[in-house]
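Chains as they are written, first to last, in numbering that gives the first Met the number 0: chain A, 0 to 361; chain B, 0 to 314; chain C, 0 to 337.
Take a look at the structure below.
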Amino acid sequence: MTNTDTTATAAPKGRGRRHTRLADVDPSATLLDVRDLKVEFRTRYGIARAVNGVSFSVEAGETLAILGESGCGKSVTAQAIMGIVDSPPGFVTGGEVRYRGVDLLKLSRQERRKARADRLAMIFQDALSALNPVFSVGFQLGEVFRFHRGMSRADARKKAIELLDLVNIPAARQRVSDYPHQFSGGMRQRVMIAMALALDPDVLIADEPTTALDVTVQAQIMNLLAELQRDLNMGMILITHDMGVVADVADKISVMYAGKVVERADVHDIYADPAHPYTKALLESIPRVDLKGQQLNVIKGLPPALTDLPRGCNFAPRCRYARDRCREDTPHLYQVTTPGGDGSGRTPRGSACHYWEEVVAQ
Amino acid sequence: MTDIQSAGPLGQPGPLHGEATSLPPGDGPSTERNASLWADAWRELIRNPVFVLSSVAVLAVMSMALAPWLWTSLDPQDCEIELGRQGPGGGHFFGMTKDGCDMYASVIYGSRPSIAVAVLATLGVVLVGILTGILAGYYGRWVDAIISRVVDIVMGLPFLLGAITLLALWRKREWYAVVAVLIVLGWPLVTRIMRASVLATKNMDYVQAARSLGASDLRIITRHVLPNAIAPVIVVATIALGSYVAAEATLSFLGVGLRPPTVSWGVLITHGTQWALSPGHAYLLLVPAGLLVVTVLAFILMGDALRDALDPKLR
Amino acid sequence: MGRYVIRRLLQFIPTVVGAFFLLHYMVSAGIQLRGNPARAFFGERTPSPEMLAAVKRLFNTDDPCLAQEGNPLHPFNPCLGLFVERMGNVAVGDFGTDYRGRLVTDIFLSAAPVTLRLALIAILTEIGIGVLAGVLAGLRSGGFIDYVVKISTVLAIAIPVFVLGRMVQLSIVPFARWLRDNGASDDVMGLVAVTYKLDYPWLSLVIPGIVLGVLGLATTARLTRTSLMENLRADYVRTATAKGMPQRRVIGVHTLRNSLIPVVTNLGYSFGVLLGGAVVTESIFNVPGIGGVVIRSVRFNEGPVVVSMVTILVIVYLVVNLIVDMLYAVLDPRIRYD
Chain A
0 MTNTDTTATA APKGRGRRHT RLADVDPSAT LLDVRDLKVE FRTRYGIARA VNGVSFSVEA
60 GETLAILGES GCGKSVTAQA IMGIVDSPPG FVTGGEVRYR GVDLLKLSRQ ERRKARADRL
120 AMIFQDALSA LNPVFSVGFQ LGEVFRFHRG MSRADARKKA IELLDLVNIP AARQRVSDYP
180 HQFSGGMRQR VMIAMALALD PDVLIADEPT TALDVTVQAQ IMNLLAELQR DLNMGMILIT
240 HDMGVVADVA DKISVMYAGK VVERADVHDI YADPAHPYTK ALLESIPRVD LKGQQLNVIK
300 GLPPALTDLP RGCNFAPRCR YARDRCREDT PHLYQVTTPG GDGSGRTPRG SACHYWEEVV
360 AQ
Chain B
0 MTDIQSAGPL GQPGPLHGEA TSLPPGDGPS TERNASLWAD AWRELIRNPV FVLSSVAVLA
60 VMSMALAPWL WTSLDPQDCE IELGRQGPGG GHFFGMTKDG CDMYASVIYG SRPSIAVAVL
120 ATLGVVLVGI LTGILAGYYG RWVDAIISRV VDIVMGLPFL LGAITLLALW RKREWYAVVA
180 VLIVLGWPLV TRIMRASVLA TKNMDYVQAA RSLGASDLRI ITRHVLPNAI APVIVVATIA
240 LGSYVAAEAT LSFLGVGLRP PTVSWGVLIT HGTQWALSPG HAYLLLVPAG LLVVTVLAFI
300 LMGDALRDAL DPKLR
Chain C
0 MGRYVIRRLL QFIPTVVGAF FLLHYMVSAG IQLRGNPARA FFGERTPSPE MLAAVKRLFN
60 TDDPCLAQEG NPLHPFNPCL GLFVERMGNV AVGDFGTDYR GRLVTDIFLS AAPVTLRLAL
120 IAILTEIGIG VLAGVLAGLR SGGFIDYVVK ISTVLAIAIP VFVLGRMVQL SIVPFARWLR
180 DNGASDDVMG LVAVTYKLDY PWLSLVIPGI VLGVLGLATT ARLTRTSLME NLRADYVRTA
240 TAKGMPQRRV IGVHTLRNSL IPVVTNLGYS FGVLLGGAVV TESIFNVPGI GGVVIRSVRF
300 NEGPVVVSMV TILVIVYLVV NLIVDMLYAV LDPRIRYD
């Protein structure tokens, strides 16, 4: 975990590289194991290190929440796992994404493409822009079956109707030939979910699935997702900036800041005693009914520019615990043991803070 | 007639523009924002070789039109008809025109009517466009309804066909007739851009604030609305200059534009097209047409570069 | 869809009337300002009053409203009476005659097939090559093809059609001579002819048609490129990739369909450019089409014939635009259900 210089082991570039194969999956291996993932964007203003050595894992039936402000690299992480980073300017420069033991980053283009939708699927934030405006939802759903399963148009359409039923869209048979703009926001997100579930994937990545929705609809969609995840025994990665959503759904959390995981823990541990100043600050910035009338704590300052990351701890400039050491010495993910959460959770706790003990103690 | 149509929705504000809410009302936000827009654009432009080259070409052509004697000591009127269509050589590097005048001098002096028509037409289009655009966007309601309808109708008329029709009825085709027709058919383009820009600015919080503090319409328009809209208008005007130079030539070729004894590029090129296919006379076409194409190209590339630099969305 | 069509049809009528009024008003103002075109018809000669009156009647410019001497508001009298009369004539298909007494509608119809063939070749060039070039450039923006397309489209926009036409002829003449000396077939010679040949109603229009299509081609290519690049960044393209669709389908179906919407919308406008360009191209390549008639009328100072021909062309143009609008609705479902 601590060694960040594993780029040497990253996939060798060029035509001659050996591909892994999807057929080699080991059913007993971890469902999805991301190790030291690195993604950078090469722009005219310099290289932006959007994801800077991120590791986490998900098992079947488990929900991992990745939490962080916008721009911290959580969406890029998801795209890198799916293999849909816009390239150029984005490049996955290191790490592994092991699906049941097979490193997806080393698959051939063809195999990678087949893995999408079939093994891993993704739900996007804004369903209105994520659905193609000029094709009916039936066409867009059916397409998955036609290209992955070789179904006829008519069969694919039947499947599409079944899926719309599955995500509780009323009058699915009629609505299947409607276009995305004819659906309400919540219904569109249901279509999005249906599309992701089409081929019964093992891993579902939901990138801020409820951010674009009304609060009441948000709850419905989250409940639907949680329910489907349980029923289909999927491993889910829920990307969000909303701590409230996390508490209800997730089993464990990775908190990201400036392209790195700064804290990871089981969900109840993190709420009980956060072990990283950033997590702590995030929790304090949630408005609370019982503290009405008091000044809301906000995190001062802005996240660092990814093209120009500071030396030492990335959070130091905004951190109230920071001292000189933080500005020199990059903290690795320390093993955290707290009275509440030392071995009781399934995940070993970690915090990338030199002074985590102090943070927990307060 | 060329690419001015696709000049783009550059006047529309980005999401950032809405954030001026908490700023004090007054001139602050718009002037500052514009200052930085122009400063950024300028920094980008002087580093863009396309812009630098095209501006040099534009300046050269403008100086030809303003001060042709800087470019040649020959008199374009000093013609001998028996030397007509004599090819390059003997002190006349670019040969002689159809009427036996020095081609180089004719082309230099010929820039004057061509550029004058283009510049005047562009000025007219911009003035009429800005005025009608502001009226439509700022006052809305029936003013807008009428102006927008007229804009639709004028834009619905194919440019070249419209110009031919109007000019065909003129017996003598004076330069001002050509200018007038170009303005009559061209203004709606600027109106549309201006109107969109005004509509976008009008409802911005700092403008509302200025209004609630009792700023007059004139002040709001000159202080807030115009500075916001001027960038896209400049882009369109630059490209329009180029296309009007080409339009003058095309109309002359069709026999409805400038005519001899006026010597414009259009007139020279028209003579060129009549003779180009007879052996040895291609230069009659290629010399004036070459200069025309370089000029039009320079204006279009300059406009493109300006658009890239001034459109914040492309950053 | 039905409501959209009806709405467009209803909007069509005021547009046509507006366009006609604009033409009528400007023509009337021109006559009021510059004198009756019947006078111009005689050039430097001075006609007898009877002859002048006859030509005025022939050109339908004998309305007293057009003679504005002594009118303080001259030349801003819109001659509404005359406009209504003319609209009536247009409604029954009466566009007047030329000075020989031939019906303008007859002249138009006899010249139309040639122009139609020319326009067809031009449109095919414009769409076929334009979209292809735009897609190739947009897929690898900043690449070699993009660079080539960028330069050639800017050049195509900067070179006026009549200059381009002559330059194409200039470069073809020696080539055609070489072909003839090497015993090329008649068909090939028809193809490389620099003027229209009656024997080759299609072949000899290929080069003029391509020349005519070049301007629109450049616009189409640029538009396709920009639009494709914009759409390639769109979220739904990422969704299609995330669904495991092959690259070919992501671009060929999901992206292209959306990218072509602005291209189709632009077709209407570019048809107008095409009509104007046809006048120029036909004149350069001696094509006996509608453009040729317009130019001849300009040369013979038959202003009213020009006005009538252009009026018919404007009708054609507006109808084409109406069709393009319908096409737009077929391509973009968001429009259909408004």
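The C-beta atom is built at its ideal place from N, Cα and C for all residues, glycine as well.
| task | Check whether the Cβ of residue 133 of chain A lies closer than 7 Å to any Cβ atom in chain C. | result | yes
| field | Rounded straight-line distance, which links the Cα of residue 188 of chain B to that of residue 200 of chain B | value | 19 Å
| So, is the C-beta of residue 312 of chain C closer than 7 Å to a C-beta in chain B? | So, interface residue.
| task | Leaving aside the five residues before and after residue 107 of chain A along the sequence, list all residues of the same chain whose C-beta is less than 7 Å from its C-beta, in chain order. | result | Cβ within range, chain order: 18.
| request: Pull up the DSSP beta-bridge partners for residue 203 of chain A, would you. | output: DSSP lists A/120, A/235 as partners of residue 203 of chain A.
| Taking the alpha-carbon positions, what's the residue 279 of chain C to residue 171 of chain C distance? | 19 Å
| said: With a threshold of 7 Å between beta-carbons, can residue 165 of chain A be considered close to chain C, or not? | reply: no
| task | Could you tell me which residues DSSP pairs with residue 311 of chain C in its beta bridges? | result | Per DSSP, none; premise fails for residue 311 of chain C.
| task | Would you kindly report the start and end of the unbroken alpha helix (DSSP H) that includes residue 209 of chain A? | result | Segment: none, residue 209 of chain A is in no alpha helix (DSSP H) and carries neither H nor E.
| task | List the whole-angstrom C-beta distance separating residue 31 of chain A from residue 258 of chain A, where the pair is believed to meet the contact cut-off of C-beta under 8 Å. | result | Going by Cβ atoms, the distance from residue 31 of chain A to residue 258 of chain A rounds to 19 Å, so no, they are not a contact pair.
| Three-state secondary structure assigned by DSSP to residue 207 of chain B | DSSP places residue 207 of chain B in helix when its eight states are reduced to three.
| task | Spell out whether any CB of chain C is found under 7 Å from the CB atom of residue 180 of chain A. | result | yes
| Per-residue DSSP class, three states only, for residue 361 of chain A | coil
| said: So that I know if they touch, is there some Cβ in chain B lying closer than 7 Å to that of residue 158 of chain C? | reply: Interface residue, yes.
| request: Starting from residue 93 of chain A, follow its DSSP beta bridges and name the residues at the other end. | output: The secondary-structure analysis by DSSP pairs residue 93 of chain A across a beta bridge with A/37.
| request: Would you mind stating whether residue 241 of chain C and residue 129 of chain C have Cβ atoms separated by less than 7 Å? | output: no
| query | Hey, is residue 143 of chain A's beta-carbon within less than 7 Å of any beta-carbon in chain C? | reply | yes
| said: Can you list, in chain order, the residues of its chain with a C-beta nearer than 6 Å to that of residue 1 of chain B? Leave out the 5 residues immediately preceding and following it. | reply: Per-residue confidence for residue 1 of chain B stands at a pLDDT of 41, beneath the threshold of 50, marking its modelled position as unreliable; the derived number appears in the next sentence. These residues qualify, in order along the chain: 242.
| field | Exposure of residue 39 of chain A, with buried meaning 16 or more beta-carbon neighbours within 10 Å | value | buried
| task | Could you pull out every residue in the same chain whose Cβ sits closer than 8 Å to the Cβ of residue 114 of chain C, ignoring the five residues on either side in sequence? | result | 277, 281, 286, 288, 289, 290
| request: Assign residue 196 of chain C to one of three DSSP states: helix, strand, or coil. | output: In this structure, residue 196 of chain C counts as coil in the three-state DSSP scheme.
| Backbone secondary structure at residue 230 of chain C - three-state DSSP | If DSSP states are grouped into helix, strand and coil, residue 230 of chain C belongs with the helices.
| query | From the beta carbon of residue 81 of chain A, is the nearest beta carbon of chain C less than 7 Å away? | reply | yes
| request: Quick one: using the 10 Å Cβ neighbour count with 16 as the cut-off for buried, is residue 81 of chain B buried or exposed? | output: exposed
| message | Quick check on residue 255 of chain A: does DSSP put it in helix, strand or coil? | response | Residue state, collapsed to three classes: strand.
| task | Using beta-carbon positions only, say whether residue 238 of chain A and residue 262 of chain A come within less than 7 Å of one another. | result | no
| message | Give me the DSSP bridge partner(s) of residue 101 of chain A. | response | In DSSP, residue 101 of chain A forms a bridge with A/98.
| Is the CB of residue 161 of chain C under 7 Å away from at least one CB in chain B? | yes
| Exposed or buried, which one is residue 273 of chain C when buried takes at least 16 other CB atoms within 10 Å? | Buried, by the Cβ-count rule.
| request: Put residue 243 of chain B into one of helix, strand or coil per three-state DSSP. | output: helix
| query | How big is the Cα-Cα spacing for residue 40 of chain B and residue 225 of chain B? | reply | If you take the alpha carbons of residue 40 of chain B and residue 225 of chain B, they lie about 18 Å apart.
| Does the separation of the CB atoms of residue 114 of chain A and residue 203 of chain A fall below 7 Å? | no
| task | Could you name the residues of the same chain whose beta carbon sits closer than 7 Å to that of residue 112 of chain B, not counting the 5 residues immediately before and after it, in chain order? | result | Cβ within range, chain order: 174, 257, 261, 263.
| field | Three or more C-beta pairs below 8 Å linking the region 226-237 of chain C and the region 254-262 of chain C | value | They touch, by the three-pair rule.
| task | Compile a chain-ordered list of the residues in the region 96-110 of chain C whose CB is closer than 9 Å to at least one CB of chain E. | result | No chain E appears in the structure shown, which is made up of the protein chains A, B and C.
| query | Per DSSP, residue 206 of chain C is paired with what? | reply | Per DSSP, none; premise fails for residue 206 of chain C.
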